[in-house]
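Structure first, then comments.
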Amino acid sequence: MGRGGGRHVPSGVVRVTWRLSGRDVSAAEVARLARAWRASGLPLLVIDGPSGAGKSTLAAALAAASGAPVVALDSVYPGWGGLRQGSVELGRTLIRPHRAGRLGWVQRWDWEASARGIRIAVKPGGPLIVEGCGAFAAAGRPAFRVWVILGDAERRRRALDRDGGAYEPFWATWEAQWRRYRRAIYAQPSSWSRSSSMP
629 MGRGGGRHVP
639 SGVVRVTWRL
649 SGRDVSAAEV
659 ARLARAWRAS
669 GLPLLVIDGP
679 SGAGKSTLAA
689 ALAAASGAPV
699 VALDSVYPGW
709 GGLRQGSVEL
719 GRTLIRPHRA
729 GRLGWVQRWD
739 WEASARGIRI
749 AVKPGGPLIV
759 EGCGAFAAAG
769 RPAFRVWVIL
779 GDAERRRRAL
789 DRDGGAYEPF
799 WATWEAQWRR
809 YRRAIYAQPS
819 SWSRSSSMP
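Residues in the sequence shown are numbered from 629 upward in steps of one, following my numbering.
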């Protein structure tokens with residue numbers, strides 16, 4: 629893996645992880661990815677990658693193609709230092725119950741109040757998309773995994789433009805967490821099996 633957000637995936641990626649350009653995913657690519665997800669038989673699709681790479685855009689396109697609801701980790705992290713905690717909590721409150729066929733829930737974070745917000749119930753029994761930094765850690769296995777990649781300069785520009793500059797004071801803090809998380813994910817060879825790319 630190179631420094632920064634990364635244009636590479638680890639040597640050996642989970643069978644259902646795909647390398648995407650992240651910036652402008654075409655309708656044909658989305659359709660192929662949606663078909664591959666359906667063919668996998670896995671109800672959970674998780675989209676991970678660095679900030680600004682295009683995870684939310686891809687999740688919205690896949691939701692439109694599949695009818696699956698989307699849960700964004702951005703709505704769960706407990707503040708700018710909460711990447712790891714948000715991932716762990718979502719795995720416990722939503723993903724594990726969903727796999728077991730039980731009602732799960734999402735504890736939203738109120739960014740303006742810097743406090744816990746409302747709790748949203750998520751019914752079991754259907755497909756589900758989870759997207760955000762830390763989604764692989766939240767989901768564990770089995771899951772259909774998508775790793776979105778984009779160059780560092782471009783994704784930083786996209787992220788800061790998207791939030792009107794509000795993100796800029798926290799960019800370095802978030803990037804440090806992301807890089808620690810990425811190193812931890814890459815250090816788990818048992819989590820990866822082989823490289824894949826969009827067909």
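Every residue gets a Cβ at the ideal spot worked out from N, C-alpha and C, and that includes glycine.
Since this is a predicted model, take the numbers as computed values, not measurements.
Beta-carbon gap between residue i and residue j smaller than 8 Å
i           : j           : result
residue 698 : residue 722 : no
residue 701 : residue 714 : yes
residue 681 : residue 757 : no
residue 703 : residue 736 : yes
residue 679 : residue 783 : yes
residue 766 : residue 718 : yes
residue 770 : residue 670 : yes
residue 779 : residue 742 : no
residue 733 : residue 716 : no
Alpha-carbon spacing of residue i relative to residue j, whole angstroms
i           : j           : result
residue 662 : residue 773 : 12 Å
residue 675 : residue 763 : 6 Å
residue 654 : residue 787 : 20 Å
residue 775 : residue 686 : 11 Å
residue 666 : residue 695 : 12 Å
residue 813 : residue 807 : 10 Å
residue 809 : residue 794 : 23 Å
residue 830 : residue 724 : The structure shown does not extend to residue 830, since the chain is modelled only from 629 through 827, so no value can be given for it.
residue 781 : residue 761 : 18 Å
residue 759 : residue 693 : 16 Å
residue 797 : residue 791 : 12 Å
residue 720 : residue 660 : 31 Å
residue 777 : residue 683 : 9 Å
residue 739 : residue 688 : 22 Å
residue 607 : residue 664 : No statement about residue 607 is possible, as the shown extent of the chain runs from 629 to 827 and does not include it.
residue 726 : residue 802 : 28 Å
residue 729 : residue 754 : 9 Å
Residues bridged to residue i [DSSP beta-bridge criterion]
i           : result
residue 738 : 743
residue 749 : 733
residue 756 : 672
Where the alpha helix (DSSP H) through residue i begins and ends
i           : result
residue 764 : 763-767
residue 813 : 799-814
residue 782 : 780-790
residue 724 : 724-727
Range covered by the beta strand (DSSP E) that runs through residue i
i           : result
residue 773 : 772-776
What runs of the alpha helix (DSSP H), each 4 residues or longer, lie entirely inside the stretch 653-711?
Under the rule that a run must span 4 or more residues, the alpha helix (DSSP H) segments found entirely inside the stretch 653-711 read 655-668 and 683-694.
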